[in-house]
Structure formats: structure tokens, C-alpha cells
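For reference, the structure is listed below as C-alpha cells.
And the structure:
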């Protein structure tokens, strides 16, 4: 007979996925508005003010505009690659949500290898960026795509190494277990260097200033998404802000104790921490100038990487001595 | 009965997908498209690992093969001028030889696996935990593990030597 619990389970998983997708879209809309407001106030401007209270419906208006825009495909473009690239980039940014713990039991699936899963699926995004850069048939896109890829590959190594110390201390890759291991004290207290290395690498991973040579407007027009218009461009935008949420959520779960905190419910604490970290990323973006390509690479390979290794070594030594 | 049928169906669907995209990756004219087809084939293999309850292997497959190796391959393609040009021929004249080698390899594998009998079926619940894998790697299999890292180190030094010539 056909397995009824299996079908129910399947439908329940679909519902969870739809719920997460809805959350991501609304969260991204809020983040785009926040970014514009934060940047405006840092530069002594007001930012969007017309649509809604302090322009809070501006993003909705912009989204409708993007939906109505003409879809332009250049003659030089490789059609299939060009079409699929935004999908690959967005799906790769959405997949990690399966293992992101919003609250004590508020997690789509508490995988045993949750952290490894997040790292694995988020590494797929590069492929989509390559496809966009190559498929556009435009030299600026190609250059932007290659810069992005070089940057993401370089910064992924210190990022993973800094996470490793947390895994060593928690003794597990399950997001829930890592958060529960921080009951007494957040890991940021024991691992301040790991947190800094992680956060800097994460900003580079999501291609934001000061590490945004991939889309340096003054040199490359817009990098890998130069040729994209309408909803396909919106997909890249959506993916960028989703990625910001994901890296901040990982930081909040690994270093800031996840959902743990007094008075407020767990999910509220988690979201507060995540949005605070995103705010810091915006703050950094609008205060620091862009790095040069060579500075970027030197910083990753000659400073962050040795620091991350040293941190692992010291952590391991301390753990062995304490045992 | 239905579950068995569904399980077999899923397996053959994934396997078919892998075969189709593996064939595409060697027959497509554009080398960039070949690389993309290879990515799909490798993801299919990760799906087979998940099907066999080997989650760790599946995730490592995605992380290393798709996330790292394929990224480097595509990077190489994009760095090489005109390699993905439509007019460029991607194949050499050794089809017969390649077919012979691949065919005999396939034949040997089929013979081995058709004679291979599983003596004891280990339940999927007993799939090794990550901690066990790590412990075995650093004790029982420490030597092969180290040999692999020496090979990687040699490749790394080789790459630096080759690229540092002027």
C-alpha cells in the first residue's frame, strides 16, 4: 500500500519550505529598506521617505517595478546558462535554511551534520556566479565573476578554519548541540579571534564592501550581474541579502549563543542577534573604502589564514591541557 | 512491495540522470557546458550516497568535488583564452583507444560486482558516526591519510614551481 505517513511527512516538509521561503522574502525586503536607511543616516541623508512610514513600503514598490520590467537577453549571451544562473545562486543561498536553528525546536531539520551541510550547500553559489559571468558574454561580467570566485575560494578557507574551533569545543556538528553547549557562556568569550576571522571572512564571502571588488561599480559596471534585468536581477539581489542573513545566523548560532537569552522567547533573541550582526555589516560597508585586489588576497592568505591556524593550534593545546 | 518499487524507482532515476549527464559532459561541444554537466553528474552521485544513508560522504562529495574541484576547473576554463570558443574542437583522434580502455574497465567492474556477494547486511542505523570516522582516520588509517597529504603537498609545490617560472 502507499505509505500515508510518508506522504503526510512530505507535505509537512513542503509546508516548512514554503514558510521559510516566505520568511526569507519578507526578511530580505526589510533588509533592503534597512540598508538604504542605514546608509542614508551614515551619510547624513534621509533615504526613502515617501512610500509608507519613513519609506517602509519602498521595497514593495521596487519589487513590483522589477516584476514589470522588460527581460533583456543580450545577443552574445549563452541562453541556457544565462537563464539558470540566478536560480542556482538563489537556491544555493536558500538551502542552508534547512539547518538554521531559529529557536529551541524551531529548526526545519536538526541534521547531525548540520554545520557541514550548511558549508557544503553554500559552496554551490560560486557555480551560479560563474554561470552568470560566463553566460552573459560580456567582459565586465566575466571579470566580475572571476574576481568573485577568486575571493570566495580564498576566504572560504579561513572561514571554515575559524568555525572548526567552535566545533572542537562543542564536540558536535549539529547546530542545536552547538547552541546548547553555550549554555554557561557564549563561545565568543572563549574564541574572540575565531569570531573576528569568521566575521571578516563572512563579509568577504557575501561580496560586500570593503570586499566588493567583484562588483566594483567604478571599474566593472556591476560585475557578474551587469547584463541582468528585471526579475532575474532581483533574484541576485534576493540571494545577496539571503546570504547576509545566513552568514549572520551562523555567527549568532556559533558564537553568540543562538536562541539563548533571558525574558524574551528564543526566536526573538535569535533574530535580534542576527539582525544586529547584519546591521554591523551594513555599518562596515558604509564606513570603509574598498580594498584593492592584491590587498584583498594578501589579507586572506598572509594574515587571516595563519591566524586561523594558530587559533586552532592554541585551542587544541588548551583543550588537551585542561583534559 | 510499493516501498521497494518506489525505492528502486528513485535509485534508477538518479542513476539514469548521472549517466545522461556524464555522457553529456564528454560529448558537449562547449567545454564550459561540459563542466556544468559534470557538476550535475557529481551532485547525482551525492544523491546516491544520501540514498545509501551515507550522509557524511554525500556532504563531503558536494563540498570537495562540486564546491572545490569543479570551481577550480571552471576557473581554469575561464582563465584560458578562447578555450570555450564554439568553433574550437574539444576532442582528439583517440576515440577508439578511449572506448577500448573505458569498455574493458567497465567489463572488469561488472564482472567483479556480479560475483560479489554480501555476506552480512549491516543495518543503516549502524552507519559510522562522525567521531568514529575521525578516530579511525587518525589511528588505524593514519598512514594512508598522511600519504594523501604528502601527495597534495607535492602537487602544491609542483604548482608553485611551474607557475613561478618568470
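Residue numbers (my numbering), protein chains in the order written: chain G, 1 to 323; chain E, 1001 to 1166.
C-beta atoms are modelled at their ideal positions from N, C-alpha and C, and glycine is treated no differently.
Inter-residue Cα distance where the pair is residue i and residue j
| i | j | result |
| --- | --- | --- |
| residue 280 (chain G) | residue 1094 (chain E) | 58 Å |
| residue 1049 (chain E) | residue 224 (chain G) | 33 Å |
| residue 293 (chain G) | residue 154 (chain G) | 12 Å |
| residue 1026 (chain E) | residue 1102 (chain E) | 13 Å |
| residue 85 (chain G) | residue 1039 (chain E) | 14 Å |
| residue 172 (chain G) | residue 23 (chain G) | 28 Å |
| residue 6 (chain G) | residue 16 (chain G) | 15 Å |
| residue 248 (chain G) | residue 1065 (chain E) | 26 Å |
| residue 1142 (chain E) | residue 1151 (chain E) | 14 Å |
| residue 1069 (chain E) | residue 1105 (chain E) | 24 Å |
| residue 1080 (chain E) | residue 145 (chain G) | 14 Å |
| residue 14 (chain G) | residue 151 (chain G) | 35 Å |
| residue 182 (chain G) | residue 164 (chain G) | 15 Å |
| residue 1131 (chain E) | residue 306 (chain G) | 26 Å |
| residue 1063 (chain E) | residue 1043 (chain E) | 10 Å |
| residue 1053 (chain E) | residue 1129 (chain E) | 12 Å |
| residue 1097 (chain E) | residue 1110 (chain E) | 20 Å |
| residue 1115 (chain E) | residue 1108 (chain E) | 11 Å |
| residue 39 (chain G) | residue 73 (chain G) | 32 Å |
| residue 234 (chain G) | residue 62 (chain G) | 10 Å |
| residue 1113 (chain E) | residue 1012 (chain E) | 17 Å |
| residue 139 (chain G) | residue 1031 (chain E) | 18 Å |
| residue 315 (chain G) | residue 1024 (chain E) | 47 Å |
| residue 37 (chain G) | residue 69 (chain G) | 25 Å |
| residue 185 (chain G) | residue 257 (chain G) | 8 Å |
| residue 118 (chain G) | residue 1061 (chain E) | 14 Å |
| residue 226 (chain G) | residue 80 (chain G) | 17 Å |
| residue 1161 (chain E) | residue 1136 (chain E) | 34 Å |
| residue 259 (chain G) | residue 274 (chain G) | 10 Å |
| residue 1029 (chain E) | residue 1092 (chain E) | 12 Å |
| residue 1156 (chain E) | residue 1146 (chain E) | 15 Å |
| residue 1153 (chain E) | residue 1165 (chain E) | 19 Å |
| residue 78 (chain G) | residue 222 (chain G) | 19 Å |
| residue 322 (chain G) | residue 1138 (chain E) | 21 Å |
| residue 107 (chain G) | residue 35 (chain G) | 27 Å |
| residue 1076 (chain E) | residue 208 (chain G) | 25 Å |
| residue 313 (chain G) | residue 1158 (chain E) | 27 Å |
Under 8 Å between C-beta atoms of residue i and residue j
| i | j | result |
| --- | --- | --- |
| residue 1046 (chain E) | residue 1058 (chain E) | yes |
| residue 1071 (chain E) | residue 126 (chain G) | yes |
| residue 130 (chain G) | residue 1074 (chain E) | yes |
| residue 231 (chain G) | residue 67 (chain G) | yes |
| residue 251 (chain G) | residue 162 (chain G) | no |
| residue 28 (chain G) | residue 198 (chain G) | no |
| residue 211 (chain G) | residue 277 (chain G) | no |
| residue 266 (chain G) | residue 174 (chain G) | no |
| residue 1021 (chain E) | residue 1007 (chain E) | no |
| residue 89 (chain G) | residue 137 (chain G) | no |
| residue 380 (chain G) | residue 304 (chain G) | Here chain G comprises residues numbered 1 to 323, so residue 380 (chain G) is not present and cannot be evaluated. |
| residue 1051 (chain E) | residue 1018 (chain E) | no |
| residue 1133 (chain E) | residue 1056 (chain E) | yes |
Integer Cβ distance of residue i from residue j, believed to fall under 8 Å
| i | j | result |
| --- | --- | --- |
| residue 142 (chain G) | residue 1078 (chain E) | 7 Å |
| residue 56 (chain G) | residue 33 (chain G) | 6 Å |
| residue 121 (chain G) | residue 95 (chain G) | 4 Å |
| residue 188 (chain G) | residue 253 (chain G) | Actually they do not touch by this definition, with Cβ atoms about 12 Å apart. |
| residue 229 (chain G) | residue 71 (chain G) | 6 Å |
| residue 255 (chain G) | residue 103 (chain G) | Between residue 103 (chain G) and residue 255 (chain G) the Cβ distance is about 18 Å, and since that is not below 8 Å, they are no contact. |
Min CB distance residue i to chain C below 8 Å
| i | result |
| --- | --- |
| residue 1105 (chain E) | Of the chains in the structure shown, none is chain C; the protein chains are G and E. |
Member of the options whose CA lies at the smallest distance from the CA of residue i
| i | options | result |
| --- | --- | --- |
| residue 20 (chain G) | G:77, G:85, G:58, G:100 | G:100 |
| residue 311 (chain G) | G:147, G:169, G:114 | G:169 |
| residue 148 (chain G) | G:132, G:270, G:69, G:137 | G:132 |
| residue 76 (chain G) | G:108, G:60, G:64, G:134 | G:134 |
| residue 1067 (chain E) | G:52, G:78, G:62, G:92 | G:92 |
| residue 206 (chain G) | G:264, G:300, G:176, G:244 | G:244 |
| residue 30 (chain G) | G:18, G:59, G:53 | G:59 |
| residue 157 (chain G) | G:9, G:118, G:300 | G:300 |
| residue 166 (chain G) | G:323, G:319, G:9 | G:319 |
| residue 176 (chain G) | G:110, G:139, G:54 | G:110 |
| residue 97 (chain G) | G:268, G:209, G:53, G:18 | G:18 |
| residue 25 (chain G) | G:53, G:239, G:105, G:65 | G:239 |
Closer than 7 Å: residue i CB and nearest the ligand MN heavy atom
| i | result |
| --- | --- |
| residue 271 (chain G) | By its list of ligands, the structure shown contains no ligand whatsoever, and the ligand MN lies outside what it can speak to. |
Query raised in the report: Are the segment 184-196 of chain G and the segment 43-62 of chain G touching, with three or more C-beta to C-beta distances below 8 Å?
Result: Verdict: no, contact absent.
Query - the segment 280-290 of chain G contacting the segment 35-46 of chain G, beta-carbon criterion three pairs below 8 Å - result: yes
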